[in-house]
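Chains as they are written, first to last, in the numbering used here: chain A, 1 to 402; chain B, 1001 to 1383; chain C, 2001 to 2264.
Shown next, in C-alpha cells, is the structure this report addresses.
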Amino acid sequence: MSIKIINEKCTGCKLCIKACPFAAIEWVKKKAVIDLDKCTLCGACIEPCKFDAIVLTKISPSDIDFPKKLEEHKDIWVFCEQKNSVIQSISYELLGKGRELADILGVDLCGVLLGENMKQEAQKIIHRGANRVYHVDSPKLKHYQSEPYSKTLVKLIKEYRPEIVLCGATFIGRSMISRVAIGIHAGLTADCTGLDIDKENRLLLQTRPAFGGNIMATIICPNHRPQMATVRHKVMKEAEINNHHRGKIIEVSYEGDTYYSRTKLLDIVEEIEETVNLTEADIIVSGGRGLQKPENFKLIEGLAKVLGGAVGSSRAAVDAGWKSYSHQVGQTGKTVCPKIYIACGISGQIQHLVGMQSSNIIVAINKDPHAPIFNVATYGIVADLFEVLPELTKKFKEVLKK
Amino acid sequence: MDYLLTEEQIMIRDLARQIAKEKIRPVAAQYDVEGTFPWDIVKVLSDSDLFGIYIEEKYGGTGGGSMDLVIATEELSKACGGISLALAATALGTYPIILFGSDEQKQKYLPDIAKGKKLAAFALTEAGAGSDAAAVATTAAKKGDHYVLNGTKQWITNGGEAEVYTVVASVDRSKGARGAATFIVEKGTEGFEFGKKEDKMGIRASATRELVFTDCKIPKENLLGKEGMGFIVAMKTFDQSRPGVASQALGIAQGALDLTVGYVKERRQFGKSISSFQGVQFMLADMATEIEAARALIYACARMIDAGVKKVSKDSAIAKVFASDMAMKVTTDCVQLFGGYGYMRDYPIEKYMRDAKITQIYEGTNQIQRGIIANALLKEKAA
Amino acid sequence: MNIIVCIKQVPDTTDVRIDPETNTLIRSGVASIINPFDMYAIEEAIRLKEKFGGRVTVLTMGPPQAEEALREAVSLGADEVILVSDRAFAGSDTWATSYTLSRSIHKIGDYDLVICGKQAIDGDTAQVGPGISSHLDIPQITYVKKIEEVNLGPENKHMRAERMTEEGYEIIESPMPCLITVVKEINEPRLPSLKGKMRAKKAEIKKWEAKDLDLDPDLIGLNGSPTKVVKIFTPPPRKKGQILEGDAAEISQKLVGLLKNEVI
C-alpha cells in the first residue's frame, strides 16, 4: 500500500490539505506534499482531488490471492451476550443482520452462548433465526470474565471454523473480542455501523465511522479467517421472533483450564438509576450547562419519565458535578443511538455530537440560534428551555395519558 | 508583539494560560457569586509550582523575578481577576521578606510560600491610614524579647486565608512615618484575630478582611529590617508590586477583549455580524492598542526591577496608573459592545468591569500614583 | 511498583468546529494532544507511584512527532519515556499495534502493571488494551473506574478494582502483573508543574525501532495487519432539520404531533 502525488497533475489547489484528517499534507512550492510520517494511508484526500493527482495503491479484493485454507471456514457466528442468564438484546440485533449475511453467502447462522443452565435461552436464539447454537455450559461461565470467555471462544472457533464472527460493541464484547482476535490471528473491526458481503470474494465489507463519525471507512479482512466485527448497540434491527423456527443446540464442553480465570469476580453492583440504562434506551432526554443549576435536571428527569426514556448529560454538566459520569454522552462518555434524542441546553460541541449524532431523531432546545446542536437537529427549538420543557412534559403526559 | 520571553517565561505563560482556561474559567462565575476563597485553585497553582516563580531557588522557588510574576498574573487574571490575587497578594506579602528579611527569616518562611503550602498577605491599610500610609495607628511596643501589637488593619487581601502576614505598625507614633516598623506575624498567634469579611463589588473570589491585634505578642526576631524602616519597607514593596497590580489590570482587560471579540463575531444585527461595522471595529482597535501599550510598559518596568535598577518608583507608578485606567476603560467598552447582554449577570463580561475598578484604587490609589509621578518629575527638574 | 502506561497521540478536537456548509470538520491548525483517556492512565500511574513508590514508564508507538506527547508525560511526572517508531510500523491495525506494543513492554521487562486509556478518541476501537494483555498473556481488567486496593506483598501480588459496566460496576481482583484500561471517572488528571516542564525539556527520549525489538517481521505494520481499509468516504450529511416556531405551548403542540408515533 502506498500513496503518492503526481506533481504534473497537482495544481496546488490545497483541497487535499483541507481534507486530510491527520494534517499530513503540506503545501511546498505551490504543490501538495505528503508527509509520510503523518500519513496513515486513509485515502480521505483521494476524492477531494479534482485532478486525480493523488494515487493510493491499495489491495483491492480482486488482487487478493485467495488461499485455500480460508475456504475451510464456513458459517456466520453471533456471540450471544448474556447477563444474569438473560440474553441481551444486542445479540438479537446481531442475529438479524447475521441472517441477512448468511443468506447472501448461503451458509448457516449460528449463535454462541456461554453461561450456566441456559438451555431455555439457547432456544430463543433459534427462534430468532439461528440454525445452530453452540452452547457451552459451566458454572464458571455464569458471569463474564475475560479469560474463560476468550479462551472458550478461541477453542470453539479453532474447532468449528466460522468465516464470520459478530459481537456486540458492549463492555463485555469490547473487553473479550480483541483477546480472541489476537489469539487466533484474525482481523477485527470495531464498532461497525454497516455490514455487507462481497459475494464474489466472500468478504465481509465492514463499514465503520472514524474521526468522530466524520469519515466512514470500509474495511476488509482478506487473508485471515474468521472475519470479526463488533457492532454497536441499536445500530442493527432485531431479528423477528419465529417460534416455529427449528435449529440444533450443540453442547460443547472443554477440559483442563479453559474456564480458569486468573481474575476473580468478587461482586456485581447494580447502581439504581432513576430511569433506564442509557445505551439501552429508545428515548434519551439530555441536559447541559443551559440548565444553569443541578436542581433543574428535574425538568429533564420529568420529561424522560413521561416518555419512558433515560437521562443523559453533556460533559459540562458532569464536570460541574450536576450529574454522575454514567450519564455523560459524548466523546469521553457514552455513545448512544436512540430513536429520539432530546438535547436541552446543550450547545453541541463536537465532543458531544460524536456521541449522539447517529440518533434517529434529534430534537434540540437551546436559546442560542447559532448553537452547533442545530446543525444536527431534526427538529430545532430556539427558545428558553425553562418555558418549553414544562409545557412539553405536560403535553406528552396528556397524549400518553400518564 | 513579541516580547522575546525566555524559555522559562514561555513555560510559565503557557502553564498559567492552561490553568486559567481549564481550571479557573469554569468556576470564575460561581466564585464571583458565592464570594468564597478558591482553595481548589490555590491547590492547582501550588501543584504547578507557580507560587515559587519569583522566589530564589535556594529558598525553593524557580529563581525568576518580577517579570515571571507579571506574566503569570496576567494570564490568570484573564480568567478571573479575583482568583489571580491569591498568588499576586501572596507575592505582595512576601516581598518585604524577600527585600528586607534576614537569611534566617527567609529560610523560615520562603520555602513554604514557594511551595504554595502557605499564603502570605501584606497589612498596611487602616481605617484612618489609607492613602496616607504614614498615619498608621497600630502600635508595636517593645517589651523584652517581644513586641506587643495593638490595633486593627483593614481591607487586607488574603486576610484570614494567609498563614504569613507582614504587618506595618508604629513603634513610636511621635515620629510619624519614621516611627514605623514591619513585622512578620503568623496566623494563630495569640491576640491575632480576624474581623469581618468584606462584601465587595468585584474581585469577589479574593478574601478581604480586617486583622485585629489585641496585645498580640510576637518575638523580636520577627522584625523585618530595623525599627523606623516600616515606611521604607512599604514603599519599596509597592515599587516591586505595582507591576503586579498593573498586570492584573492588563489580564482583566485582555480577558474582556478576548470575550468581546468572540461575541461581536457571533452577534448579528441588521442581517450581518456586528464585527463588520466600522464603529465596532474602531473600538476593538483602540482597545487592542491600549492593552498592548500597557503590556509594553509593564514588561519594561518588570525587567527594570529584575535588572536591579534601584529607582523604579516613578516608572512602576506610571505602569500601574496607565494599566488600571486602561482596564477600566476597556472593560467598560467591552460591556458596551455586548449591549444589553453585557449588563446582565448571565453573561461573563460585567464581572470584568467590576473586577477592573479595584486596580485603580488599591496598592495606592491612582491619585497617589500620580502624586508619586509628579513628585519625581518635579524633583528631577529641580536637580 | 513499576508501571507502564501506553499512550497515543491524537488530533485535538477541542477547538474543532463543524463547517455548517459542508458538514465536515474544520481542521485547520488542529494540534496534537495525548489521547484524553490516556491522561487518566498517566494520572493513575503517577498516583500509584506516589503511594507505593517505583517507576512510571510511558510508552507510545507513533511517528517521530509523538515525542511531544512523551515530553508532556514527563512534565506530568513520568520517570522514563519510550518512543517506538519505525516506517515498518506504518499501516498497523489494532492487531499489529498491540503486538508491537507488547513486544516493547516485553523489552522493558520488569513491570507490575500496564495501564491504557479505555480507547483512543480518533479510532474509538478499545481493542489495543485487551490486545496487549492477550499478547503478553497477562490478566486484564477493562473499564476500571476505581482501584480499591493494591497488595504488593512478596507473595500473591494483586489488586482489586471496580470495573464499569452498563448497569453499574463489578469488583474484580487480579494477580499482578496485569493490564487495566481506565475510564474518565477514575481520577482528575493534574496539570503539569513548572519544574516538570523544565525537566521535560531536557528529558531523554528513548527511541526504539523495529530492529531494537524482538519482532516477527510478518506480524508488524501493514503486513501484520489482518484488516485493510478499502474505502474512505464522508458520510451522507444529516438531512437539514426544521426549526419549530411559536410560543412554548405552540412549539410543544407541534413537537408532540411530530413525535407521537415514535413515542407510543
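Heads up, the beta-carbon is just placed ideally off N, CA and C, and yes, glycines get one too.
- When 8 Å is used as the limit between beta carbons, A317 of chain A is near no residue of chain C, the shortest such separation being about 14 Å.
- Scanning chain B for C-beta atoms nearer than 7 Å to the C-beta of H370 of chain A yields E1266, reported in chain order.
- Distance from the CA atom of Y2143 of chain C to the CA atom of I2115 of chain C, rounded to whole angstroms, is 11 Å.
- In this structure, the beta-carbon distance from A2069 of chain C to T2060 of chain C falls below 8 Å.
- Cβ neighbours of D2110 of chain C within its own chain (closer than 8 Å, five residues either side excluded): N2002.
- Only buried fits P1348 of chain B, as 16 or more other CB atoms lie within 10 angstroms of its CB.
- Taking a beta-carbon distance threshold of 8 Å, D1047 of chain B counts as an interface residue toward chain C.
- Out of A:L41, A:Q227 and A:N296, the CA that lies nearest to the CA of I197 of chain A is found in A:Q227.
- No Cβ of chain A is located within less than 8 Å of the beta carbon of H2106 of chain C.
- Apart from sequence neighbours up to five positions away, the residues of its chain that approach A1246 of chain B with a beta-carbon distance below 6 Å are I1298, A1319, K1320 and A1323, ordered along the chain.
- Inter-segment contact for the segment 386 to 393 of chain A and the segment 289 to 304 of chain A is present: three or more beta-carbon pairs are separated by less than 8 Å.
- Scanning B:A1120, B:L1257 and B:L1378 for the CA closest to the CA of A1162 of chain B turns up B:A1120.
- If you check the CB distance, P162 of chain A and C80 of chain A do not come in under 8 Å.
- If you draw a straight line from the Cα of T218 of chain A to the Cα of G348 of chain A, it is about 27 Å long.
- If you ignore the 5 residues before and after Q1107 of chain B, its C-beta comes within less than 8 Å of the C-beta of Y1059, all in its own chain and listed in chain order.
- A residue is called buried when at least 16 other Cβ atoms come within 10 angstroms of its Cβ; W27 of chain A does not meet this threshold and is exposed.
- Counting only runs that start and end inside the segment 2110 to 2140 of chain C, the beta strand (DSSP E) elements of at least 3 residues fall at 2113 to 2117.
- Listed along the chain, the chain C residues whose CB falls inside 8 Å of the CB of T1062 of chain B are L2194, K2195 and M2198.
- A residue is called buried when at least 16 other Cβ atoms come within 10 angstroms of its Cβ; H143 of chain A meets this threshold and is buried.
- Neighbours of L2191 of chain C in chain B, taken as residues whose beta carbon is under 9 Å from its own, are L1015, Q1018, I1019, E1022, K1023, V1044, D1047 and S1048 in chain order.
- Here L153 of chain A is buried, its C-beta having at least 16 other C-beta atoms within 10 Å.
- Note: W322 of chain A is not bridge-paired with any residue in the DSSP secondary-structure output.
- Residue environment analysis places W2095 of chain C among the buried positions, since at least 16 neighbouring C-beta atoms fall within 10 angstroms of its C-beta.
- Interface flag for A2248 of chain C against chain A is set, since a Cβ pair is found closer than 8 Å.
- The closest CA to that of D2038 of chain C, considering only C:Q2065, C:V2030 and C:I2004, is found on C:I2004.
- Note: R1173 of chain B is not bridge-paired with any residue in the DSSP secondary-structure output.
- Per DSSP, the unbroken beta strand (DSSP E) holding Y2169 of chain C starts and ends at G2168 to P2175.
- Here G2091 of chain C is buried. Its C-beta has 16 or more other C-beta atoms within 10 Å.
- Within the same chain, I3, G43 and I46 come within 6 Å of L56 of chain A by CB-CB distance, once the 5 residues on both sides are set aside.
- For F297 of chain A, no Cβ of chain C is located within less than 8 Å of the residue's own Cβ.
- Each residue's CA atom was taken as its position, placing R2238 of chain C and A377 of chain A some 9 Å apart.
- Among the CB atoms of chain C, none fall inside 8 Å of the CB of I1291 of chain B.
- Short of 6 Å from the beta carbon of V252 of chain A, and not among the five residues preceding or following it, lie these beta carbons of its own chain, in chain order: Y134 and V136.
- By the Cβ criterion, the segment 198 to 210 of chain A is not in contact with the segment 2071 to 2091 of chain C, since fewer than three pairs of Cβ atoms, one from each stretch, lie closer than 8 Å.
- At a Cβ-Cβ threshold of 8 Å, F1183 of chain B and A1169 of chain B count as neighbours.
- For C221 of chain A, the nearest beta carbon of chain C is closer than 8 Å to its own beta carbon.
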